[in-house]
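K.L.:
With my numbering as the guide, the letters of the sequence shown map in order to residues 11 to 202. Before I ask anything, here is the structure I am working with.
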Amino acid sequence: MRRYTQQRGAKNPPRDDRQGSGGAHAQAGVHRGQIALTAPPHLLRQYARQRQGSPVFTDASIMAAAITDAGYTYDVGEIYYNKYFTPVKYEMTIVPFFNKFKIESAPNINAFDDVEADQLECYAEWTLAALIYYALKEAAASEQSARMAAMDNATKNAAEMIRKLTLLFNRTRQAVITRELIEIISGAAALK
C-alpha cells in the first residue's frame with residue numbers, strides 16, 4: 011500500500027493553493043508511519059485510534075469531519091484500503107468519494123424532486139463517513155485474517171519443531187540406554 015500511494019503521490023503532487031489532489035489522511039497502523047516517511051508533503055493529518063478492537067462509526071465520522079474541514083477543495087478523493095476476499099487473499103482497493111459540487115452536477119441528481127444545498131452537503135459528509143467506515147471494517151477484517159493465518163502458521167511450525175525435538179530427544183535417550191546396556195553386557199561377559 012505504501013508503494014502504491016507513493017507512486018500516486020508522485021503523479022499528483024500537492025498544490026500550494028490548497029486545491030486539487032495531493033492531500034493524504036492516514037489511519038493508525040503500519041502504513042501511517044510509512045506514508046509519513048515517504049510522502050510528507052502529501053500527509054495532511056494522521057489518526058491514531060484511542061481504543062482497541064474493531065473500528066466504530068465514530069472513528070470514521072471523526073476522519074470524515076477532518077477531511078471535510080481541511081480546507082482543501084477537490085472533485086474526487088480516493089480511499090485506499092485492503093479488501094478482504096478469503097483467509098489467504100486480500101487486495102489493495104481504491105474507492106472514490108466526491109465533493110458536494112460533483113454530486114450536485116451528477117446527471118442522475120435530477121431524479122430527485124428538490125435537493126437543497128444543506129441536504130446535499132449532509133449527504134456528501136455522511137457518504138464519506140460511510141465509505142471510510144466500510145474501508146476501516148474491510149481493512150480490519152483483512153488484518154485479522156492475516157493475523158490468524160500468521161498464528162496458524164506459527165502454531166504449525168511450533169508443532170513441527172516440537173515433533174523434531176522430541177524425536178531427537180528420544181533418539182539420544184535410546185543411544186544412551188543402548189550404550190549403558192552394552193557396557194553392562196560387556197562387563198558381565200568379562201567377569202565370566
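All residues carry an ideal CB built from backbone N, CA and C; glycine is no exception. Quick caveat: nothing in here was measured; it's all calculated off a predicted structure.
What's the gap between the Cα of alanine 38 and the Cα of isoleucine 187?
P.N.:
On the sequence shown, position 28 is the one that residue 38 refers to. On the sequence shown, position 177 is the one that residue 187 refers to. For alanine 38, the predicted structure reports a pLDDT of 49, less than 50, and the residue's modelled location is therefore unreliable. A value from the coordinates is still provided. The straight-line gap from Cα to Cα measures roughly 58 Å.
K.L.:
Among all the DSSP beta bridges, which residues are the ones paired with asparagine 92?
P.N.:
The residue given as residue 92 occupies position 82 in the sequence shown. Met102, per the DSSP bridge assignment.
K.L.:
Roughly how many angstroms lie between the CA atoms of alanine 139 and alanine 164, to the nearest whole one?
P.N.:
The sequence position of residue 139 within the sequence shown is 129, counting from 1. The sequence position of residue 164 within the sequence shown is 154, counting from 1. Their Cα atoms are separated by approximately 37 Å.
K.L.:
Between the Cα of threonine 83 and those of Pro65, Leu146 and Asn109, spot the shortest distance and give me the residue it belongs to.
P.N.:
Here residue 83 refers to the residue found at position 73 when the sequence shown is read from its first residue. Nearest C-alpha to threonine 83: Asn109.
K.L.:
If we ignore side chains and look at the alpha-carbon of each, how far apart do arginine 173 and aspartate 162 end up?
P.N.:
Working through the sequence shown from its first residue, we reach residue 173 at position 163. Working through the sequence shown from its first residue, we reach residue 162 at position 152. So the alpha carbons of these two residues sit roughly 16 Å apart.
K.L.:
Valine 89: buried (16+ other C-beta within 10 angstroms of its C-beta) or exposed?
P.N.:
For the purposes of this step, residue 89 is taken as residue 79 along the sequence shown, with counting starting at 1. The sequence shown places isoleucine at residue 89, not valine. Isoleucine 89 should be labelled buried.
K.L.:
For valine 186, which three-state DSSP category applies?
P.N.:
Reading the sequence shown from its first residue, position 176 is the one you call residue 186. The answer is helix: DSSP assigns valine 186 an H, G or I state.
K.L.:
In the DSSP assignment, the alpha helix (DSSP H) including alanine 74 goes from what residue to what residue?
P.N.:
Translated into the one-based positions of the sequence shown, residue 74 becomes position 64. Element bounds for alanine 74: 67-78.
K.L.:
Hey, serine 155 and tyrosine 94 are a contact pair by Cβ (cut 8 Å); roughly how many whole angstroms apart?
P.N.:
Against the sequence shown, residue 155 aligns to sequence position 145. Against the sequence shown, residue 94 aligns to sequence position 84. Between tyrosine 94 and serine 155 the Cβ distance is about 6 Å, and since that is below 8 Å, they are a contact.
K.L.:
Can you confirm whether the region 187-200 touches the region 123-132 when touching is taken to mean that 3 or more C-beta pairs between the two stretches lie within less than 8 Å?
P.N.:
No contact exists between the region 123-132 and the region 187-200.
K.L.:
State buried or exposed for serine 31, treating a residue as buried only when at least 16 other CB atoms are found within 10 Å of its CB.
P.N.:
If you number the sequence shown from 1, residue 31 lands on position 21. At serine 31 the pLDDT is 46, less than 50, meaning the model places this residue with poor confidence and gives no usable figure here.
K.L.:
Threshold first: 4 residues or longer. Then list the alpha helix (DSSP H) segments lying entirely within the region 99-170, N to C.
P.N.:
You should have 110-114.
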